[in-house]
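Just so we're aligned: the sequence shown equals residues 190 to 490 in this note's numbering. So the structure is just underneath, and the comments pick up after that.
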Amino acid sequence: MAAMTPTAEETAAVEAKSPAPDVTRARRRRPGIWRGLVLGLAGAYFLVPLVASFVFTVHVPGQGISFDAYTQLLSAHGFTESLLLSLGLAAATIALSLLLAVPALIAVRLGSPRLRPVIEVMCMLPLVVPPIALVTGITTVLRWGPEHLSRTPLYQTFIAVQNEKFPVVLVLAYAVLALPFVYRSLDAGLRAVDVPTLVEAARSCGASWPYTVVRVLLPNLRSSLAGAAFLTLALVLGEFTIASLLGFQPFAVWIVSISGAQARMSVAVSILSLVITWALLLVLSRTGTASAASAPSRKES
């Protein structure tokens, strides 16, 4: 018993080796200070230009504060049409991208895991090809088609995809540009889910393949689907190069077109689009957090 009891000399040696409480607190305080400094600089980097832009829209030299740049948005020529066009293009692009990516990734996950690197390379190619090169190829095809297919039924197809009211060619181009983001989001979701076990359990209970995908797999990929949809929406709302060179006027092109005559209004529209995008991001993050928090409660019940 006496051998197990530490002596006064051993206790003093241990206390000498252990750092003082003040030193420990200082060490813990340093990462917090650096973290706050980095976050503060990052916040200033994003917020200072935004605040400066807002001041530019509301401060009129010689008149003072005026919110005319915001109150005149709804009545501005082309605002509603371009915004609705961009939202429609975004909805169609999201639907097309998910219809292409979800079945392909599920099939690769279940039947051919060796093809995953091939699918990944194909989906990542739009990051390598510049948009200007993509739109040059699209323009060449659109010019070549009517000239050589004028006597075939495909001639009307080339005309229909270039309809100014709803240019389907932009949906096809945006779906290609969104593939890398959709693939990354869905791939992360599929990695977090035991897809073979879920499919085997559903199929053993008599569920069909469409029912298994819609009612079993997709609910488990809700956060990934929301992330892919949000990234695609942000891409479509902010894309300018392809739409401008093809001669269409969605929301981003309209903002640039009015920047020369109505600079304050164009900046006001840009600020509103940023606020809407941030709001969607916050809603998405809250949805993912709520899904992750509700999962343990369902398991416990």
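Idealized CB from N, CA, C, for every residue including glycine.
- Counting along the chain, the unbroken alpha helix (DSSP H) around residue 440 starts and ends at 440 to 447.
- When rounded, the separation of the alpha-carbon atoms in residue 388 and residue 344 is 44 Å.
- In the three-state DSSP reduction, residue 266 falls in the coil class, being neither helix nor strand.
- In this structure, residue 334 lies near residue 347, with their beta-carbon atoms less than 7 Å apart.
- Checking the DSSP bridge columns, you'll see residue 350 has no partner listed.
- According to DSSP, residue 249 shares a beta bridge with 253.
- Residue burial is scored here from C-beta neighbours: residue 313 has fewer than 16 other C-beta atoms within 10 angstroms and is therefore classed as exposed.
- Around the beta-carbon of residue 397, fewer than 16 other beta-carbon atoms lie within 10 Å, marking it exposed.
- The C-beta distance from residue 424 to residue 367 rounds to 6 Å, short enough to meet the 8 Å contact threshold.
- Taking C-beta atoms as the reference points, residue 258 and residue 457 count as a pair closer than 7 Å.
- DSSP, reduced to helix, strand and coil, places residue 232 within a helical segment of the structure shown.
- In this structure, DSSP gives residue 307 a helical state, which the three-state scheme calls helix.
- Counting the other CB atoms within 10 Å of its CB gives residue 431 a total of 16 or more, which places it among the buried residues.
- With contact defined as three or more Cβ pairs closer than 8 Å, the segment 434 to 450 and the segment 265 to 275 are in contact.
- Exclusion of the five residues before and after residue 418 leaves 283, 287 as the residues of its chain whose Cβ lies within less than 8 Å of its Cβ.
- By the beta-carbon neighbour count (other beta carbons within 10 angstroms, threshold 16), residue 428 is buried.
- For residue 332, the secondary structure class from DSSP, reduced to helix, strand or coil, is helix.
- By the beta-carbon neighbour count (other beta carbons within 10 angstroms, threshold 16), residue 256 is exposed.
- Residues of the same chain with a CB within less than 6 Å of the CB of residue 340, apart from the 5 flanking positions on each side, do not exist.
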